[in-house]
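Chains as they are written, first to last, in the numbering used here: chain A, 1 to 545; chain B, 1001 to 1170. This report refers to the structure that appears directly beneath it.
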C-alpha cells in the first residue's frame, strides 16, 4: 500500500469511527485554558458522559486553541456550533444533560460576533478542531496530503516555484520573501548536507502565536518543514523551541514520534529516496537567539551570539552548510499553499503582503486571544471590531506591534491597513504578531523604558553600540520617569537612538531604539512633561484589581 | 592531547541522576554541540548547575570548562545556584506589564523580603521574573510552583503563594 492510500485508509477509518458519535464536545487544552484547569474539566465532562450512559454516542476531545483565550476554559459543541466560555467543573453535568435540549444559556458565547466572523483561518484552520496529540486526527483533516502530493507529483523546483507564486513572506517579522529564500538554499552548492531550521524561539514579549500553533497543530509545522526539506534537498531539520514552552515541546515530541511511525518522517518517505529527520533543540532563555545567526550558534551548542552577514545562513549556516531558516507560522502556511496552489494564496491579502497573519491580541482590549486575519485589514477593525474595543470605559492610546523591535501606533493611524510596508511607514514593524493594546492609563515614556530594559538585559554583549548604548538609553529613560531629566538628556537620547540603530551588529541592537523613536514621534509631549516635571510621569500603570 | 581528555571522566558520585545525564550525552554521541541539551538535563535532574556538574560535562564532551561556564552563564534559563523549595515566577511580558505585573512583583518581594532573581534566606521561596510565558490572554500572570495563575491582583497572588506553602506542609 502506498503512503497516500495509507493516509486515505486512516481517514476513512477515522470518519467511520467518528460517525458513530452523535455529539462531539471539544475542549481547549492549549496552555491558556489549561492554566484555568481545562484538563480537570475535560475529565469531568467525560465522567458525566459516562454517568449519563452517553459514552457510545458522545465523544469528549481535547483540542488546541480556539482563540478567545480570555474566555477560558472554552468548550465547543461541534454539531450545534455552540461555544461555552468560563466553564467550571460544576457546569459539566449541565452541559452534558443539555446536549439533547437547549444550550446552557449563561455560558454561551455568541459566535456571531466580529471576533469570529472577521477571521480567515489558514494557519489556524485545524486549531481548536483536531486533537493535537493524535496524528490520525491530523490525517483525517487532510494532513500530510500536501507532502505526499509534493513528493509524488512535483519536482523540488516546482515546489519552490509554487511558494514563490504564493507571495508568502517570512512571518517571523522581517517579511523576507519565503520563495526567494528557498530558492537560494536550493541552489546553494554543498558538498555535504543541507539543513532546515524552524525558528520557534518566540521571544517577543506579548507574542504567543507560535506557541499556540505548536500546541494546537504540531504536525502542520512538521509537514511544512518536510516539504521545505524536499524543496531545498535537506535531510535534517531542527526545531529550535523555547524551553519556556514545555507543553509545546511535549506535543512536538509526540508528533515527531508519531510521524516517524507513520512513515511521513524518516528514511525513504513515501517510497521515494527522500529522507527527512527532525530533532528538537531547546532554547535557554536568550531573546537574541531569535536572530538567525545567534540561533544557529545556539543549536551548535555555543553562546547565542550573532555574527555579521553575509555570508547568509542560506549559503553558510549550521556547521557551515546551507541552511533554510523559517518561522513556525511560515511553515504553517506551506501545506495549504501546496494543497491549494500558490495562486489561491496570492488571492488573499494586499498587493505586497499575501495571505493571512496570526496575531496575539492582548493588553487593554475586551477580547484577548489568538486571531488570524487577512493582510490589509485595518488596525481599527482588529482593535475595535475583533478585539471589542477598550474595556473599563477607558480610551485607546496606542497599539504596540513588533515587540521590543517595534513601535507604538497612535489613534491617528488606526485606519492603517495591516501589512509589512504600512506598519514600517509609521515607525513600527509587522513583527512576529504580538499586538498589545494600551489605554490612556499607560505612560509612553514608561513603556519605552520597559522595552529598553528588555533590550539592555537581552543584549548579548558582543558589539559595543548595543551593549553600552541600550544601558545608556535605559539610564536616560529612568531619569525621565523619575523626573530628574534635563533637556540635554532628551537630546542625548535622540542622538543615541541614531547611533545604536545605525551601528549595531544585529537586529536586536538595530531595532532597540524603535520603541523610543516611535513614542518620541507620536507622544513627544510626554517626554517634555518628563523633563519639565509639569505633569507627573510617575508609575504608568495601576494594578487591575 | 593530554591523557585525561581521551578517557571519559567517571560519574562524580553514586547519585543515580548522573546516569540520566550520561545517558543524554551518550544519545548525542558525546558531541560538543549537545552541550545545551545536556545542561538542560542536568538542570532538570539537579535543579541547578554546580561546578561539579559543569566540570563533569566539560570532561565528557571534551570541551574546556570555561566554555561550559560561558554557555551556562549566558543563558538566562540556566541557574548556577540551588532554587528555593518553592518558586514564584512573575511574567514581565508587555501585556502583563501594562496590566500591573510590576506591582505584583514588588508586593511579593516586599512580603517575603526577597529580591527578584533571588531566594529567601531560609531557602523557601525563589522569586523569579520571566520574559513572557505567552499567556498574555491571562495577563497579569505568574507561575507558582509550576502552575500558571492568571488575571492576578496582589491579594490573589499572595494568597496563592500562601496556599502552596500550606499544601506543602500538609
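The C-beta atom is built at its ideal place from N, Cα and C for all residues, glycine as well. From a predicted model like this one, the values you see are computed outputs, not experimental measurements.
Item to complete: Starting from the C-beta of residue 1058/B, find all residues in its chain whose C-beta is less than 6 Å away, skip the five residues before and the five after it, and write them out in chain order.
Response: Excluding sequence positions up to five before and after residue 1058/B, its CB lies within less than 6 Å of the CB of 1065, 1068, all in the same chain and listed in chain order.
Worksheet item: Are the beta-carbon atoms belonging to residue 89/A and residue 98/A less than 8 Å from one another?
Response: The beta carbons of residue 89/A and residue 98/A sit no closer together than 8 Å.
Item to complete: List the endpoints of the continuous alpha helix (DSSP H) containing residue 481/A.
Response: Here the alpha helix (DSSP H) through residue 481/A covers 464-481.
Worksheet entry | Neighbouring residues, chain B, relative to residue 400/A (Cβ below 8 Å) | 1094
Worksheet item: Roughly how many angstroms lie between the CA atoms of residue 428/A and residue 414/A, to the nearest whole one?
Response: 13 Å
Worksheet item: So does the region 157-165 of chain A actually touch the region 237-245 of chain A, counting three or more Cβ pairs closer than 8 Å?
Response: no
Worksheet entry | Nearest-angstrom Cα separation, counted from residue 501/A out to residue 510/A | Near 4 Å, if we compare the C-alpha coordinates of residue 501/A and residue 510/A.
Worksheet item: Roughly how many angstroms lie between the CA atoms of residue 214/A and residue 328/A, to the nearest whole one?
Response: Here the alpha carbon of residue 214/A sits roughly 8 Å from the alpha carbon of residue 328/A.
Discussion item. For a quick check, are the C-beta atoms of residue 431/A and residue 459/A less than 8 Å apart?
Written reply: no
Practice prompt. List in chain order: all unbroken alpha helix (DSSP H) runs of 4+ residues lying wholly within the region 106-154 of chain A.
Written response: 114-117, 135-140, 145-153
Worksheet item: Can residue 326/A and residue 127/A be called in contact, C-beta distance under 8 Å?
Response: Residue 326/A is not a Cβ neighbour of residue 127/A, given a cutoff of 8 Å.
Practice prompt. Quick one: which residues of the region 1121-1149 of chain B get their C-beta closer than 8 Å to a C-beta of chain A? List them in chain order.
Written response: Per Cβ criterion, the list reads 1130, 1131, 1132, 1133, 1134, 1135, 1136, 1137, 1138, 1139, 1140, 1141, 1147, 1148, 1149.
Worksheet entry | Contact check, residue 73/A vs residue 41/A, beta carbons under 8 Å | yes
Worksheet entry | Short-range partners of chain B found in the region 289-310 of chain A, where Cβ spacing is below 9 Å | 289, 298, 299, 300, 301, 302, 303, 304, 305
Worksheet item: What are the complete beta strand (DSSP E) segments, minimum 3 residues, inside the region 204-259 of chain A?
Response: Every beta strand (DSSP E) stretch that sits fully inside the region 204-259 of chain A and reaches 3 residues is listed by chain position as 236-241.
Discussion item. Less than 8 Å between CB atoms is the rule here; does residue 69/A satisfy it with respect to chain B?
Written reply: Answer yes: the Cβ-Cβ gap between residue 69/A and chain B drops below 8 Å somewhere.
Worksheet item: Residues in its own chain within less than 7 Å of residue 1013/B by CB, not counting five upstream and five downstream?
Response: none
Practice prompt. Measure the CB-CB distance between residue 139/A and residue 63/A and report whether it falls below 8 Å.
Written response: no
Discussion item. Assuming contact is defined by CB atoms lying nearer than 8 Å, are residue 438/A and residue 400/A in contact in what I supplied?
Written reply: yes
Discussion item. What would DSSP say about residue 8/A, mapped onto helix, strand or coil?
Written reply: helix
Worksheet item: Which residues, taken in chain order from the region 1064-1078 of chain B, show a beta carbon closer than 7 Å to some beta carbon of chain A?
Response: 1070, 1071, 1074, 1075, 1076, 1077, 1078
Worksheet entry | Residues of its chain near residue 419/A, where Cβ-Cβ distance is below 8 Å and the 5 sequence neighbours each way are ignored | 349, 350, 352, 353, 375, 376, 430
Worksheet item: According to the neighbour-count rule (16 or more other Cβ atoms, all chains shown, within 10 Å of its Cβ), is residue 1007/B buried or exposed?
Response: exposed
Discussion item. Short of 7 Å in beta carbon distance, which residues of its chain neighbour residue 1054/B, apart from the five on each side in sequence? Order them along the chain.
Written reply: So the qualifying residues of the chain are 1065, 1068, 1069, 1072.
Worksheet item: Under 8 Å, do residue 1025/B and residue 1032/B count as touching if we go by C-beta distance?
Response: no
Worksheet item: So residue 420/A is in the beta strand (DSSP E); what residue range does that whole segment cover?
Response: Unbroken run through residue 420/A is the alpha helix (DSSP H), 420-425; no beta strand (DSSP E).
Worksheet entry | Endpoints, the alpha helix (DSSP H) within which residue 1104/B is located | 1101-1112
Worksheet item: Near residue 312/A, what residues of its chain come up, given a Cβ to Cβ distance below 6 Å and the 5 sequence neighbours on each side ignored?
Response: none
Worksheet item: Whose Cβ in chain A lies nearer than 7 Å to the Cβ of residue 1034/B?
Response: For residue 1034/B, the chain A residues whose C-beta falls within less than 7 Å of its own C-beta are 301, listed in chain order.
Worksheet item: Who are residue 514/A's beta bridge partners in DSSP?
Response: Paired residues: none, contrary to the question.
Fill in: Bounding residues of the alpha helix (DSSP H) (the contiguous stretch that carries residue 1086/B)
Segment 1086-1091 is the beta strand (DSSP E) holding residue 1086/B; no alpha helix (DSSP H) there.
Practice prompt. Would you mind sorting residue 314/A into buried or exposed? The rule is 16 or more other CB atoms within 10 Å of its CB.
Written response: buried
Worksheet item: Residues of chain B with a CB under 7 Å from the CB of residue 368/A: which are they?
Response: 1136, 1137
Fill in: Opening and closing residue of the alpha helix (DSSP H) in which residue 340/A lies
Run containing residue 340/A: 328-340, per the alpha helix (DSSP H) assignment.
Worksheet item: So which residues on chain A does residue 1097/B lean against when the C-beta distance must stay under 7 Å?
Response: 450
Worksheet item: What does residue 1118/B touch in chain A if you count any residue whose Cβ is under 9 Å from its own?
Response: Correct list: empty, because the minimum Cβ distance to chain A is about 16 Å.
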